[in-house]
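Chains as they are written, first to last, in our numbering: chain L, 522 to 1006; chain Y, 593 to 841.
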Amino acid sequence: MSVLILAFVIYLIIMVLIGIWSSKRNKTLDDFLIAGRKLGTWPVAISAQASDMSGWLVMGLPGRGFAYGVGAIWTAVGCAFGTLFNWSVVAKRLRRFTEKLRSLTIPDFLESRYNDDSHIIRAIATTIITIFMVAYVSVQLVASGKILSETFGWDYNSALILGFAIITFYTLMGGFFAVAWTDVFQGMLIVGILVILPIVGIAKLGGIGEVFSAAGQVDANTLSPGFGYAGLLFLLFAFASMSWIFGYPGQPHILTRYMAIKNEKKLWNSTLIGMTWVIISLWGAVLIGIIGLAMFKELPDPEKVMPLLAMNLLPEWAAGVVIAAITAAIMSTADSQLLVATSSVVEDVYHKLINPDADQKKLVLFSRISVLLLSVVAFILALQGGVIYFLVAFAWGGLAASFGPLIILSLWWKRTTKWGAIAGMISGTVTVIIWDKFGIAASMPPELVVPGMLPAFFVSLFSIIIISLLTKLNYIETKKLFKQF
Amino acid sequence: MKKKVYAMMAIVGVIILILAGIGISIYSYEPGEDKAIEPKEKLYYPVFTEEYKEMTINGLAEKTYSDKVTINGVPSNAILTSVDFQISWDDDKTIGLIIKRGEDTLKIDITYMGETKTKSSIGSGSDTITFDINNVPSVDSIEANNETGAKDLLYEMLSGKNEACFDISVTVETGEPIYRPIKRFLDKGDDFEIKVKYWYYSVELELGSEEDDGEIDIPFETWLFLILPLVCVILATVIYLLWERRRFK
């Protein structure tokens, strides 16, 4: 046990040291929020993916693999194509637009894109981001509480406090630089473990055939791509699992990575690195779930399959590294989301609306205070616990529906208007909340429940299109803007 | 001022780390309920083989012969199931071809765990007394992580069932074919022989064969589904990157 603790503590020390080192690089709010658009290929590539995947990758997705076997690959496919969509359709254009419009945040970009002097777009976007991002951070804290309590035998709340303290500390210290560079370190750790653990598990069980055979004995449906469903129910299962794909263009914590890259030519290499990382990680996570099913048959909480597998298959020190990697996945997302929520409060509300003349030092200080306050709110929410896969689906879905269609259309469709944008954000948010919170699909088995993000995405998309076509466009301004790209 | 802020933050960071380290180290590792989860167990099948051993007790019963017999030749991981005592004797001092006179009566009592079984015969005898000691455990299969674990479980079931102790008492009532006034020539008793044959079951473990283990055929669609989406994602990425590179050129 002591070796396991040592490996974990070394990891925490590295994270805090990166935080301290990065803190000296934050001279302006630009530096704190998007690293002054000075990030290189690797930090952008790995940071975008590590921030995206979160505790969901190392707990939620293996848990899904454990419960649904190869059927969980649909989720991996949805996420992989969603990532590719972002790199190919959103990244470069968003980088160009935000640089041209001198935008630091997504609300900033939307306000400038639609010349919204009334600040309505900014106010709505900031509110949505703050609500869903804080909810999202709280999910990461739930994940950190689960993993630390599982590993060290602590009660959930004590584990939560440690996770909260570490994440808050280095985000508060280092801002975007710290977040991006810790993401690189954490991302490499995660992908390494997601390769090694399945290999060890397969070898231990005597081959991939043995793994599937043992999993099939527990539940034959786990060998079926449709989890035993046929016809329309099969399509529903696959579609519901893949629905994550619609969320990618709407995640501010991922989009800010594209905005932070030093120059857009680096995006090609970043895409290559990022996609390689994401493909390996997703398939590795699903395999870990299936191997866990073959070994343990049943678990009280399937989302703990990865730490349990590590502690059963690996020597103590290696299990410590795995626990560190899992924590890394959680932290790399939580810190990014905390930063996005902070930017909404400080840049979008305080700096742009309340005190436009505030000096940079004051803004950085305010950002740090905001990090602390928002993480306390997330911590309070996290005390309730819950199932990570579905908690993430809600927070992810909220952002996906509110911003996904809007970002795509803002970048690619000249005809989008300010009122269309407002309608899209509001209709998407309302739909996702009604769908998920008021139990529209509550009577279905969980694997067939279509997450709110799917209907909400299309409601938002059609709202933007219809309202934009019905309202007046400032054609000259928009034409001027699009002409540059 | 700025340096002071950084120094303060660094100090706060170090304090948090120290507190975290202390917190982790003072908690001892106590697995929760769901920690006791073991890796998936395999099926082992015990195969029992019946074997026997014999031993012989020779004695002379002068009025009464008493002895304690312990059966301890059974291997430690086997189970003693039954013991046969076959007593043979012949009166050596009788007269008469058709009607014998002066025949002795030999009685044998064997006691095991408070139960006594008796046989008696006149003139000669070859009687068998059988004791059932243990039943073979009705274990079809044992679930364990490995062979050692399965053996441990099985041997625990068999523990202490490989020996038994018997009290044997052989009594002779002598008969005199003719009157013998001199005590020295009186019938002294009889020689007897007890053959002890004990049966036991030794056990071997066999790992469940693939068929027995319920191994199932993995459908082709499973393999296909594992690979095909992966190939599609990789292909889509490569196509996009090549297209993007061409565009730049």
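Using N, Cα and C, we set each Cβ at its ideal position, and we do this for glycine too.
Bear in mind that the values here come from a model prediction, so they are computed numbers and not experimental data.
Whether Asp637 of chain L touches Lys1001 of chain L by CB criterion (8 Å)
no
So Ile869 of chain Y contacts chain L; which residues on that side make the cut at Cβ distance below 8 Å?
The structure shown does not extend to residue 869 of chain Y, since chain Y spans only 593 to 841, so no value can be given for it.
Take Ala845 of chain L and list the residues in its own chain whose beta-carbon comes closer than 7 Å to its own, dropping the five residues that flank it on each side.
Ala528, Phe529, Tyr532, Leu710
Could you please give the first and the last residue of the uninterrupted alpha helix (DSSP H) stretch that includes Leu615 of chain L?
613-621
For Val764 of chain Y, write down the residues that DSSP places opposite it in a beta bridge.
Y:Leu698
Residues in its own chain within less than 7 Å of Thr937 of chain L by CB, not counting five upstream and five downstream?
Leu930, Ser931, Ile985, Ser989
Whose Cβ in chain L lies nearer than 7 Å to the Cβ of Phe817 of chain Y?
Val591, Ile594, Pro746
I'd like the span of the alpha helix (DSSP H) that includes Phe630 of chain L, first residue to last.
627-634
For the alpha helix (DSSP H) that Pro823 of chain L lies in, which residues bound it at each end?
Neither: Pro823 of chain L is in no alpha helix (DSSP H) and is coded neither H nor E.
Measuring alpha carbon to alpha carbon, tell me which residue in L:Ala850, L:Leu969, L:Lys613, L:Thr777 is nearest Ala751 of chain L.
L:Leu969
Is Tyr636 of chain Y close to chain L? Criterion is C-beta to C-beta, closer than 8 Å.
no
I'd like the span of the beta strand (DSSP E) that includes Val980 of chain L, first residue to last.
Val980 of chain L -> not in any beta strand (DSSP E); alpha helix (DSSP H) instead, spanning 974-991.
Give the residues of chain Y in contact with Leu718 of chain L, contact being defined as C-beta atoms less than 7 Å apart.
Under the 7 Å cutoff, chain Y gives no residues; its nearest Cβ is about 14 Å from Leu718 of chain L.
Candidates Y:Val788, Y:Asp782, Y:Pro667, of which the one nearest Ile702 of chain Y by Cα:
Y:Val788
Closer than 8 Å to chain L by CB, Asp804 of chain Y:
Bear in mind that a pLDDT of 47 at Asp804 of chain Y, under 50, signals an unreliable position, so the model cannot answer this.
Which two residues bound the contiguous beta strand (DSSP E) that contains Pro850 of chain Y?
Nothing about residue 850 of chain Y can be reported from this structure: the residues present for chain Y run from 593 to 841 only.
Which residues bound the beta strand (DSSP E) around Val666 of chain Y?
Segment: none, Val666 of chain Y is in no beta strand (DSSP E) and carries neither H nor E.
Please state the DSSP three-state secondary structure of Val788 of chain Y.
strand
Partners in chain L for Thr814 of chain Y, counting only beta-carbon separations shorter than 7 Å
Val591, Phe733, Leu744
Using 8 Å for Cβ pairs, my map puts Leu920 of chain L next to Val892 of chain L. What's the rounded Cβ distance?
Going by Cβ atoms, the distance from Leu920 of chain L to Val892 of chain L rounds to 19 Å, so no, they are not a contact pair.
Bridge partner(s) assigned by DSSP for Gly717 of chain Y
Y:Trp681
Which residue from L:Leu830, L:Trp838, L:Ser762, L:Val885 puts its Cα closest to that of Lys725 of chain L?
L:Leu830
Touch check for the segment 591-601 of chain L and the segment 751-770 of chain L: three-plus C-beta pairs under 8 Å?
yes
How would you call Leu715 of chain L, buried or exposed, if buried means at least 16 neighbouring beta carbons within 10 angstroms?
buried
Which residues in chain L have a C-beta closer than 7 Å to the C-beta of Tyr832 of chain Y? List them in chain order.
Leu605, Ser609
Is the beta carbon of Leu788 of chain L closer than 8 Å to that of Ile928 of chain L?
no
Taking C-beta to C-beta, are Thr952 of chain L and Gly973 of chain L nearer than 8 Å?
yes
Please state the DSSP three-state secondary structure of Glu671 of chain Y.
This sequence places Ile at residue 671 of chain Y; Glu is not what is there. Here Ile671 of chain Y sits in strand by DSSP.
Under the three-state reduction of DSSP, which class applies to Glu735 of chain Y: helix, strand or coil?
strand
When the Cα atoms are used, what is the spatial distance from Ile947 of chain L to Val655 of chain L?
18 Å
Check the DSSP bridge columns for Ser712 of chain Y and list the partner residues they point to.
Y:Lys699
What span of residues does the alpha helix (DSSP H) with Arg889 of chain L cover, start to end?
881-903
To be precise: take each residue of the segment 775-798 of chain L, compare its Cβ to all Cβ atoms of chain Y, and keep it if any distance is under 9 Å. Which residues remain?
Lys786, Leu788, Trp789, Thr792, Leu793, Met796, Thr797
Against Arg837 of chain Y, what residues of chain L qualify as contacts under a CB-to-CB distance less than 9 Å, listed in chain order?
Trp789
His774 of chain L: first and last residue of the uninterrupted alpha helix (DSSP H) it sits in:
773-781
Provide the residue span of the alpha helix (DSSP H) that contains Leu669 of chain L, from first to last.
641-673
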